[in-house]
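Chains as they are written, first to last, in our numbering: chain A, 1 to 329; chain B, 330 to 704; chain C, 705 to 1240; chain D, 1241 to 1577.
From the three backbone atoms N, C-alpha and C, an ideal C-beta is built for every residue, glycine too.
As the structure is a prediction and not an experimental result, all values here were calculated from the model.
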Amino acid sequence: GCTSRNEPGESAAPGASGGTEGASAEGLTIAFVPKLQGIPYFEAMNTGGQQAAEELGFEWLYQGPTTADAAAQADIVRSFIQQGVDVLFVAPNDPNSMAPLLEEAQAAGIHVATTDTDAPDSVREVFVNQASVEGIGQALTDTLLEAMGGSGKYAIVSCGETAANLNAWIEVQEEYTASEYPDAEIVDVVYAGEDQAMATQMATDLMNSNPDLTGLVGECTSSAPGVAQAVQDAGRTGEVFTVGLGTPQSMLPYLESGASSGSILWDVEALGYLTGWAGVQLANDGDLGDLSGVDNEALAEAEYDEASGVLLLGPPTVFTAENAGDYDY
Amino acid sequence: MTAVTTPTTADQRREPSRFRDWITGGALKDRAVLLLALIVVLLVAMAILDGIGLTSGRFNSDYLASTLIAYVPLALLALAELFVITSGRGGIDLSVGSMVSLTGIVFAMLYQQVGLPLAVAVVLAVAFGALLGAVNGFLTAYLGYPALITTLATFYAYRSIALVVSEQRPISGPEISEFYSAAKAIELPVIGGGLPLVPLGVFTFLLPVAIVAWFVLNRTTYGRKLYAIGTNDTAAQWAGIDTRRTRMMAYVTAGAIAGLVGVYTVAQFASARPDAGTSGSGMALPAITIAVLGGVAITGGIGRLSGILLAALLIVWLNASILLVVPGNEGAQAQLLALGVVLLGASLLSNATIRRRQGGLAKPLSVPGTAPGAK
Amino acid sequence: MTDTAQRTDPAPGQGPTPRLEMRDISKRYGGVRAIRHADITVRPGTVHALVGENGAGKSTLIKILAGAERPDTGTIAIDGHDVSIASTTDAIALGVQTVYQEPQLFPELTVAENFFVGREITRGPTIDWRAQAPRMLELLDTVGLDRSLASQPLGALSIAKQQQVSIAKALLEQASVLILDEPSAILTDAEIEVLFGVVRRLAADGVSIIYISHRLDELFRIADEVTIMRDGETVSSQPIGELTVREIAERMVGGEIAEGVHKEGEHGDLVLELEHLTLDGAFSDVSLSVRAGEVVGLYGLVGSGAAEVGEVVYGMRAASSGRMRAAGDDRHPATPSEAKRRGIRMVPANRSSQGSFSFQPIAFNITIGSLGLLGRLGWVSPKAERRISDDLIRRLAVKTPSGRQPIGAMSGGNAQKVVLARQIVEQPRLLVLAEPTQGVDVGAKEEIHRIIADLAERGTAVLVITTDLAEVQRIADRILVFRSGRVAHEFPPSASQASLLAAAAGAVDDPAAAQTATGQPVADLPGRPTPGEEPR
Amino acid sequence: MSTDTVAPAAAKPLSLRRILPPIVTGQEIVLLGVLVILWVLLGIFTPAFLTPASIGPLLVQVAPIALIGVGMTFVIITAGIDVSVAAMIMVSAVTTARMLVAFDIPAIAAVLVAIVIGAALGAINGFLIAYGRVHPIIITFGTANLFQWLGLRVFDSSTVNGIPSTLEFFGRGGAGSTLGVPHSFAIAVIAVAAAWWFLRYAKAGRNLYAIGGNQNAARLAGIKVQPRLVWVYVVTGALAGLAACMVIATGTATLDQSVGSGKELQVIAAVVIGGTSILGGRGSVVGTLLGAILVQTVVSGVTQLGWPTQLGFLFVGIFILVAVGTDLIRERTRRRA
Ligand SMILES: Nc1ncnc2c1ncn2[C@@H]1O[C@H](COP(=O)(O)OP(=O)(O)OP(=O)(O)O)[C@@H](O)[C@H]1O
Ligand SMILES: Nc1ncnc2c1ncn2[C@@H]1O[C@H](COP(=O)(O)OP(=O)(O)OP(=O)(O)O)[C@@H](O)[C@H]1O
Ligand SMILES: [Mg+2]
Ligand SMILES: [Mg+2]
């Protein structure tokens, strides 16, 4: 026949080359498909994953689409299925669309899991979560309102209109602000896409149309420096405070100048490391809750929730002018 | 008195070899043959690479078949572009991606939220796509807007509307998740046992549309009228063709096909995304690129279904092959390189061969299949 | 410079060095051998006519001289020196100025700008309009165009005026060889007289002129020598006085030409009746009728409004007022497709822009006007298509190896036959023909006239709208002379050319006035559509 | 209908004004009117709109679009189009940014680098279009992919961090403007003025209209069409390079690979709103500048009014149709008259 799918043991045999049992990671291939390549966030996860690969001795594959596009991402996932990797991690652009594909991967004998963004209604075995939705939303709100003095008007500059995780964080921010900071108010949520210049312009427009605005949130890694830049350009550092989810290197100049009061993120490299480690555990049917063997202090607070299948990195980190320089991404 | 008659000496030109003549004249001129040759070259090259172990995964028919899931929307939208570009007068549709997003949302609302039966929801979504296309068509054909401008405007407008009506959240739910079965790979009945699993969308979406489109383009008076208005609009008026209605129908057709792709993407992604057709670089530019690669003349009047189907297949398989050969981020980047090289190479090559054969026949510039016949 | 005495020197090849010698020129387009081993010698200060059937290779030959095409073989010598002409720029530098068959102009630019495109007089980087203007205005006067046109966008001018602009433009720089490729095809007689005056003056100044035309009679009034081409070869070259029109025509086609197509006969019912029909800005109060089997000629100078009558009858434009009764129906057809349903067909005047689907096959071009015949319910049967087109290709003697050839590669006359074929796929009740043989050679003209007579004999009512006097006399049963948007007079075909011309030029009862009238500019009415412009 | 009625053949003096098209086109007046109305309305409904703090950044945002719009207007006048400008911005910006970070080159050198890279990429477009004789939209679709690949290779899967403020002269901040006029916008205006003069009075400029009106006739008239076309695309590339400097300066200290994306459609939108005919042969750079300002006004206005930002582009779409529609109507009445 024209197909090899009826010949067992061909593509449907993960780890055919290694096949070693036990705790060893030798010969394992673990693949990770990010939402988008080339942005510091996912490249840092890649760095962490590679570090884990070196230390634990598996092969780490990383390939992402050039645009944050669900269809392009699916093509890459399909090629990894074809390559017969042992474990496949995905940070899905669109959780719903990834679910059937993960099912296909599992049927081909591959361990499937998500990281960074979950695909809740899928067959994924574990979700490696950087921080809880509540944790991020609350940290953003607390950090900003601390700078704003606990009251005032602020606005959010988000990115892709449809990004599920950003929208979830915004929801938490809205609820948490209403409940915890009655004197504070979110006046607007705008969407700038992945375009820094657009984020900057929108932040400028927001400051102009709301003269009493004292806070801005940059909801993703491209708008976080964008809003800080807008405040700096307008010469209103110290009057308008910003926080955002920015990578340390891109935020460092603004943290130092005071245009940004803090960047809420987590140790992204550690997240990559944790992903790699979880992959090894999955392949060996190991215990995801047993992090005792892990020699990485950034993972100290990681914990596994068996019921939901979520492996949590820990609470988010607040980067400030003092500690942002310690990270090289 | 002096009748200066020149002696007619025999033609001294050497007859070019038949094969060379066929290659430079007939074969490369015909875009379908060129594309087919490229596909064969690609498959052979990949088989060799696979044989000597340079690919990271097996390059086999299962893989090629599984990538067809991405082939369906690409080929369909390129077909939509074929209709509008062939209608001439600068016909082009930049809004197909936005129409995909918007009809996908409408379909999901009707199917998931209103709870209409699947068939009804599909028909309504396609009709809605046709309506969106009719807006383009009316502005372009009846009010005289240049198509690039009409569809640039509706690209922005439809995209906005899709985001606003969906409150920028994807629509999903149990019915829609199940609807994935319309796109997923299946075993062909009867003969399927020995063949790879082919995505169902190829049969439920692409094949019927392609067959209908082939007949419309080649065997109906509408097809004749479409090619006529694309070749020479004024002459078409003089020939008694209702050029406006014919042109309008091209945009309506493109809208309806985009509507169908909207439904398909809902199945493919198992959710309706308000940015399904516009995220990243969007679906319109790739569709136009495929159409052009498939030999559709941007000046109108020329374009064949076979070119579209083969061009889309070439690109889908080329992209899939690259992912197996080039690891890491470079792989996804190399897809851009490959698309650029193939597009430029094919248009420059076939244009050069046409020019060599037909000397100066000015119009059209980059069109295969039309060199005035020697022979 | 050469004096005019030499123009009477009868023997080519003698006397001083020829101004131009083209030897052994060949050119192929793919498989089409447009020219094979053509030779032409033009002496200084002479007008050299170049004639030949459609597709004989005249335009190709002069395009090679003008640098617009490269020859495959052959040499060109100017004033005895071999030259290489690789581009239009080279040709212009050698003093070769060209007026192409299709005016090569810029519709969005003004007439003034059109003059100087490519050879602007500059002061620093900017164009020096003050330096350019006087010469341009002088040239507008020379060709008989109004000076106020200088500031008009060219696209707003009639096609005839555009042609005059392109002639004037060629005079801008001192030429040693001036090529005129069918300059007279779309000009009125008065405009042609002006053109002839210009040509004579230039020749007297020593300029050599190559003059291509299908109006053989006019050549005797202007040309000194004639070169005849047939099938890409130059078959003879001699002083024109040695030949008659008939002899030239016979050499062009390589055989004898039959005479006369006009037949007397009974005419049937009224098919077309116009009563007080008016189209604002074009014609007014036009009443005429055409019976089945009758050929009515509508003769008028360019811009007389006759052309628009056809467009209204065919539904391309809506009349402003008046009554029209066509094919038994009182309504004006609103669109050509409605006209078609009622059996009205029209062959437009401009075959390339209004008639041809250039890169579509001949069969497509023939059947596109009668798609209903190709199958039922919007279906197209390739077999029916082939049957219909092959039949017409045969009946009209279209020269082509097969119906699959694109029409764009055909010569003018053959393309015209294809456009005509489209309208007679089904025998029409009323056939309107606008300039049916413009730019068509004598052989093809003959055939087209015979086809028209044949259709009339089988009961079609024919309305021929033409600016060609000889044509209307040959084929019409009745001739309506159109002037200033009105029917000025009706004549039998036996009327003298002089009286027809006089009526068209505005001096109805005085044939002597016709002569003087032709020498003067004739008032044009606005309203002739420019090519490419959409009707309505 | 045509207006070539016979007038008495009196020798009237012919003024320069009558030979060239009117100094200000109807489209420009309409656009100016629409802009004034919009600004007044926005001034009324959002008190802060008509303040320097709002107008300044808006004009800075307009500058790169208007600047590339100048080149794109040239291109479209010649009946071409360039959909690769976004990719050219990307390549130019990332290379320049990398050099700023690595070598701390001075501003003038950075600007030169950016322009030279843009011009080189434009030359690739120009040569392929002029000598390959394939429709420009096809060529630039192809090169857009190539340039994007090139840009991504230069990015090498990371962002450029810590870009020094060398180019702040073009920026949004205090150093980016003099007497309240942003430098980048001033540069765009100067480019527009120069291009206006060039298109109207210079031989090479007028010839672009001829090429766009009828390329074959232009060739027969002895215009060196192909070198001119190459030059037009080189200019567009060079301007995209200069615009890349503005993009770096108005962005943050970090540059990521989304830089430039979507700009090609924005530029084309500005050009067509400005009244340049997509069919070639007709167009104005002043219209392009006004078109660019209009688009940004609509987008910023929607944000400032507090309307959902997703609606902004709906209005952009409507404005494109309205602006081009008025042009169509005027054209039609002109023909009827
Ligand atoms: N660009 C072209 N491509 C292919 N064939 C061509 C081309 N131009 C001309 N030909 C062919 O070359 C031959 C000579 O054409 P040419 O235009 O020189 O004829 P002509 O004598 O000027 O005819 P007419 O009187 O109709 O203008 C014709 O058979 C024509 O079909
Ligand atoms: N304003 C300008 N800015 C930049 N480059 C220009 C400008 N004007 C002209 N050039 C460049 O200089 C070249 C020469 O232009 P110029 O108008 O002098 O041509 P030319 O030598 O007179 O050509 P032609 O023979 O066509 O008249 C052009 O091809 C163009 O590349
Ligand atoms: Mg000719
Ligand atoms: Mg001719």
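Supposed contact pair residue j and residue i - C-beta distance, whole angstroms, cut 8 Å
i, j, result
"Val157(A)", "Ala203(A)", "5 Å"
"Gly1314(D)", "Val1421(D)", "In the sequence as presented, Gly is not what sits at residue 1314(D); that position holds Phe. The Cβ separation is near 25 Å, so there is no contact."
"Ala626(B)", "Ala407(B)", "About 14 Å separates the two Cβ atoms, so there is no contact after all."
"Leu403(B)", "Val654(B)", "Rounded, the Cβ-Cβ distance is 21 Å, inconsistent with contact."
"Ser506(B)", "Ala599(B)", "5 Å"
Residue nearest to residue i in terms of C-alpha spacing, selected from the options
i, options, result
"Leu947(C)", "Ala1157(C), Gln1177(C), Arg1187(C), Val755(C)", "Val755(C)"
"Val1472(D)", "Gly1309(D), Ile1295(D), Ala1493(D), Glu1504(D)", "Gly1309(D)"
"Val930(C)", "Arg1187(C), Ala753(C), Leu1075(C)", "Ala753(C)"
"Glu1241(C)", "Asp1034(C), Leu876(C), Met956(C), Arg934(C)", "What the structure shows of chain C is the stretch from 705 to 1240, and residue 1241(C) is not part of that stretch, so it cannot be assessed."
"Leu622(B)", "Thr607(B), Ala613(B), Gly636(B), Leu614(B)", "Gly636(B)"
"Thr247(A)", "Ile1518(D), Gln1455(D), Ser1398(D)", "Ser1398(D)"
"Arg1090(C)", "Arg1099(C), Leu1100(C), Leu1078(C)", "Leu1078(C)"
"Arg839(C)", "Ile1169(C), Ile825(C), Pro829(C)", "Ile825(C)"
"Ala587(B)", "Gly433(B), Thr396(B), Ser495(B), Glu496(B)", "Gly433(B)"
"Ile29(A)", "Glu175(A), Ser122(A), Gln82(A), Gly38(A)", "The question names Ile, yet the displayed sequence has Thr at residue 29(A). Considering only alpha carbons, the answer is Gln82(A)."
"Ala1433(D)", "Pro1287(D), Glu1571(D), Arg1572(D), Leu1307(D)", "Leu1307(D)"
Where residue i meets chain C, residues with beta-carbon distance less than 7 Å
i, result
"Asn568(B)", "Going by the sequence as given, residue 568(B) is Ala instead of Asn. The contacting residues are Ile1072, Gly1073, Arg1126."
Residues sharing a beta bridge with residue i, DSSP
i, result
"Ser940(C)", "Ile932(C)"
"Phe467(B)", "Answer is none; Phe467(B) lacks a bridge partner."
"Tyr915(C)", "Ala753(C), Leu884(C)"
"Arg737(C)", "Arg732(C)"
"Asp786(C)", "Ala781(C)"
"Ile30(A)", "Trp60(A), Val87(A)"
Interface residues of chain A facing residue i [CB-CB closer than 9 Å]
i, result
"Ala649(B)", "Asp75, Arg78, Ser79, Gln82"
"Ser395(B)", "Arg78, Ile81, Gln82, Glu104"
Proximal chain B residues relative to residue i, where beta-carbon distance stays under 7 Å
i, result
"Tyr62(A)", "Gly657"
Partners in chain D for residue i, counting only beta-carbon separations shorter than 9 Å
i, result
"Ile796(C)", "Ala1461, Gly1462"
"Thr1171(C)", "Within chain D, no residue comes near Thr1171(C); the closest Cβ sits about 17 Å away, beyond 9 Å."
Contact set between residue i and chain D, taken where Cβ atoms lie within less than 8 Å
i, result
"Ile39(A)", "Thr1399, Asp1496, Gln1497"
"Gln808(C)", "Asn1454, Asn1456, Ala1457, Leu1460, Ala1461"
Within chain A, the residues that residue i reaches when beta carbons sit closer than 7 Å
i, result
"Gly1546(D)", "Asp188, Ser209"
Proximity test, Cβ basis, 8 Å: residue i and chain F
i, result
"Pro475(B)", "The structure shown contains no chain F; its protein chains are A, B, C and D."
Validate contact between the segment 66-84 of chain A and the segment 44-51 of chain A using beta carbons, cut 8 Å, 3 pairs: no
Pair every Cβ in the segment 1353-1367 of chain D with every Cβ in the segment 645-664 of chain B, then say whether three or more of these pairs are closer than 8 Å. no
Report yes or no: do three or more beta-carbon pairs, one from the segment 449-462 of chain B and one from the segment 419-436 of chain B, lie closer than 8 Å? yes
Taking one C-beta from the segment 832-851 of chain C and one from the segment 891-902 of chain C each time, how about it: are there three or more such pairs within less than 8 Å? yes
With three or more beta-carbon pairs closer than 8 Å as the criterion, would you say the segment 1125-1143 of chain C touches the segment 1007-1018 of chain C? yes
Using a Cβ distance threshold of 8 Å, determine whether the segment 770-786 of chain C contacts the segment 720-739 of chain C, with at least three qualifying pairs required. yes
Contact the segment 111-120 of chain A vs the segment 271-286 of chain A: 3+ CB pairs below 8 Å: yes
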